[in-house]
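Each remark here refers to the structure printed beneath this line.
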Amino acid sequence: MRELYVKYGGSVRERCRYLLKDASRAEDAMHDVFARALVHGESFRAEASPLTWLMKIATHHCLNQLRSEGAAWRKWFARDEAARSEGHGGAEAMETRDLVRKLLARVDAETQAAAIHYHVDGMTLEEVAAVLGRSVPTVRKRLEHFAELGGEELSVR
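Numbering (my numbering), first residue to last: 18 to 174.
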């Protein structure tokens with residue numbers, strides 16, 4: 018992996034910088050890509066070059082990061098943070114917390130875990146599936162059910 022990092026690290030970082038439009042975030046993403054490659058090294062089948070494999074990981078990672086940042090549910094938490102800065106939490110913060118608690122109470126424990134990992138922790142569908150030991154379609158189905166309960170702000174992308 019060290020050889021791949023030395024040989025292809027710059028190319029991977031540039032791909033991340035191109036997609037994320039931020040050098041600092043690209044540097045972090047590059048490290049995430051190599052960490053992911055280290056963990057999933059057995060998936061490299063040598064059908065393509067190592068650079069092609071790393072670029073695929075980098076592209077998926079950066080696009081997932083961008084999708085996660087654009088998720089509508091983040092508005093809830095931004096509103097919650099803004100209310101928190103008022104010192105006492107504010108009425109909107111309480112409404113948000115209450116709504117999330119009520120929604121979580123209406124689903125099973127595994128869907129609760131999937132929703133927290135996806136909506137709060139910002140994990141990708143693939144990461145949530147790995148943590149829960151389920152397939153991506155199963156996780157997507159559970160999150161879509163949760164989104165139906167919460168409305169448009171919780172849609173799965």
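Cβ atoms here follow ideal geometry from the backbone N, Cα and C, with glycine treated the same way. Please read all numbers here as calculations on a predicted model, not as lab measurements.
Assigned exposure category for residue i - 16 Cβ within 10 Å defines buried
i, result
"residue 32", "buried"
"residue 83", "exposed"
"residue 118", "exposed"
"residue 37", "buried"
Extent of the continuous alpha helix (DSSP H) to which residue i belongs
i, result
"residue 44", "40-56"
"residue 85", "67-86"
"residue 34", "19-37"
"residue 61", "Unbroken run through residue 61: none, as it is neither H nor E."
"residue 155", "153-167"
"residue 128", "126-132"
"residue 148", "142-149"
Cβ-based neighbour list, residue i, same chain, cut-off 8 Å, excluding 5 preceding and 5 following
i, result
"residue 61", "54, 67, 70"
"residue 26", "47, 51"
"residue 176", "Any question about residue 176 goes unanswered here, given that the chain covers just 18 to 174."
"residue 72", "28, 29, 32"
Identity of the residue in the options nearest residue i by Cα
i, options, result
"residue 24", "37, 124, 51", "51"
"residue 18", "59, 148, 42", "59"
"residue 122", "37, 80, 38, 163", "163"
"residue 160", "142, 150, 38, 39", "142"
"residue 165", "85, 35, 124", "124"
"residue 85", "138, 154, 116", "138"
Cutoff 6 Å; reference residue i; Cβ partners in own chain excluding five residues on either side
i, result
"residue 140", "134"
"residue 167", "120"
"residue 39", "none"
Residues of its chain near residue i, where Cβ-Cβ distance is below 7 Å and the 5 sequence neighbours each way are ignored
i, result
"residue 145", "131, 134, 135, 156"
"residue 30", "43, 44, 47"
"residue 22", "51"
"residue 176", "Residue coverage of the chain in this structure runs from 18 to 174, which leaves residue 176 outside it and unanswerable."
"residue 81", "141"
Three-pair Cβ contact test at 8 Å for the region 113-131 versus the region 76-86: no
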